[in-house]
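Asks:
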Amino acid sequence: MKILLAEDTLDLNKVITSMLEMQGFVVDSAIDGAQALELALSNGYDGIILDIMMPKMDGLEVLKEIRRRNIVTPVLMLTAKAEVDDRVEGLDAGADDYLTKPFAMKELMARVKAMTRRGSQYAAKEISFGDITLKSESLELICANTVRLSLKEFSLMQALLLNQEHPVDTNYLIEHVWNDETDVEEDTVWLYVNFLQGKLEYINSGVTIKGEKGGSFQVVVNE
38 MKILLAEDTL
48 DLNKVITSML
58 EMQGFVVDSA
68 IDGAQALELA
78 LSNGYDGIIL
88 DIMMPKMDGL
98 EVLKEIRRRN
108 IVTPVLMLTA
118 KAEVDDRVEG
128 LDAGADDYLT
138 KPFAMKELMA
148 RVKAMTRRGS
158 QYAAKEISFG
168 DITLKSESLE
178 LICANTVRLS
188 LKEFSLMQAL
198 LLNQEHPVDT
208 NYLIEHVWND
218 ETDVEEDTVW
228 LYVNFLQGKL
238 EYINSGVTIK
248 GEKGGSFQVV
258 VNE
């Protein structure tokens, strides 16, 4: 598998590159946002790691541009900031995951493996419910309008649709959508449920997600 790594701290860039290569990944390395964007637009990758704070273009700008170009490659954001607002901004811009510095290299490797594995599992099939269709190949949620989902949003919506006949509790979702991650809490699930609810409203769907923070969730059709 091939990874694009964009990290402007040279020593950290070299360490991450070496660790990824030891795990069998082929790595293209960039030291600023402009170089990262050029590589992302001209090559195919199984995963992209973007530092948020970079010269020329920051990671969020790079992320927004590749999503605008309909590049659906999974993206893991690295940030030195721990505030929730920074995490939300990255996730809302189309990131699939984030990791706050400083981090353990073992944790980064686990996140990258999980991200690329999930990205390779999506078959070209559709799931329909009510007036929506979830397309695995393009990660699109379709109704009157169409919106692209991040990998985690897709995984969460897929889990809800596959269990549409009954509520799915938060612990189940943590285990099955965030199965390789150790720092996921009920707040994380609630954040993504809200992301999905906003996208259902955006596409003018009659489908909604019922449930409360920390409890169970179920997709239903509004009457």
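Quick note, the sequence shown lines up with residues 38 to 260 if you use the numbering used here. Using N, Cα and C, we set each Cβ at its ideal position, and we do this for glycine too.
1. Per DSSP, A114 forms a beta bridge with which residues?
2. Smallest Cα separation from L188: which of V221, E238, L198 and D133?
3. Just mark A73 as buried or exposed, buried being the case when its beta carbon has 16 or more other beta carbons within 10 Å.
4. Work out the CA separation of L178 and K172 for me, nearest whole Å.
5. From A160 to R185, what does the alpha carbon distance come to, in whole angstroms?
6. Could you work out which residue in P92, T54 and I53 is closest to G70 when comparing CA atoms only?
7. Less than 7 Å between C-beta atoms, sequence neighbours within five positions excluded: which residues of the same chain meet that for G243?
8. Does N241 pass the burial test, meaning 16 or more other C-beta atoms within 10 Å, or should it be called exposed?
9. Have a look at the DSSP bridge pairing and note the partners of E163.
10. Measure the C-alpha to C-alpha separation of L199 and T207 and round it to an integer number of angstroms.
11. Provide the residue span of the beta strand (DSSP E) that contains A67, from first to last.
12. Would you mind stating whether I89 and L97 have Cβ atoms separated by less than 9 Å?
13. Is DSSP giving G248 helix, strand or coil here?
14. In the structure shown, what three-state DSSP assignment does L323 receive?
15. Quick check on F140: does DSSP put it in helix, strand or coil?
16. Against chain B, does S173 count as a neighbour if the rule is that its beta carbon must be under 9 Å from one of theirs?
17. According to DSSP, what are the bridge partners of R272?
18. Tell me which residue opens and which closes the beta strand (DSSP E) that S253 is part of.
Replies: The relevant details are as follows:
1. According to the sequence shown, residue 114 is Met rather than Ala. Answer is L87 and Y135.
2. Check the Cα spacing between L188 and each of V221, E238, L198 and D133: the tightest is with D133.
3. It counts as buried.
4. Just so you know, the alpha carbons of K172 and L178 end up roughly 6 Å apart.
5. Model confidence at A160 stands at a pLDDT of 45, short of 50, so the residue's coordinates are unreliable; what they give is reported in the following sentence. C-alpha separation (whole angstroms): 16 Å.
6. When each option's Cα is compared against that of G70, the closest is P92.
7. Cβ neighbours of G243 beyond the five flanking positions: G167, D168, V258 and N259.
8. So N241 ends up on the exposed side.
9. DSSP output for E163 lists K172 as bridge partner(s).
10. Near 15 Å, if we compare the C-alpha coordinates of T207 and L199.
11. Looking at the DSSP string, the run of the beta strand (DSSP E) that includes A67 is V63 to A67.
12. Yes; because the gap between Cβ atoms is below 9 Å, this pair is in contact.
13. Residue state, collapsed to three classes: strand.
14. Outside the displayed range of the chain (38 to 260) lies residue 323, so it cannot be described from this structure.
15. If DSSP states are grouped into helix, strand and coil, F140 belongs with coil.
16. Checking the listed chains, one finds no chain B in this structure; it contains a single protein chain.
17. With the chain covering 38 to 260 only, the question about residue 272 has no answer from this structure.
18. In the DSSP annotation of this structure, the continuous segment of the beta strand (DSSP E) that includes S253 starts and ends at S253 to V258.
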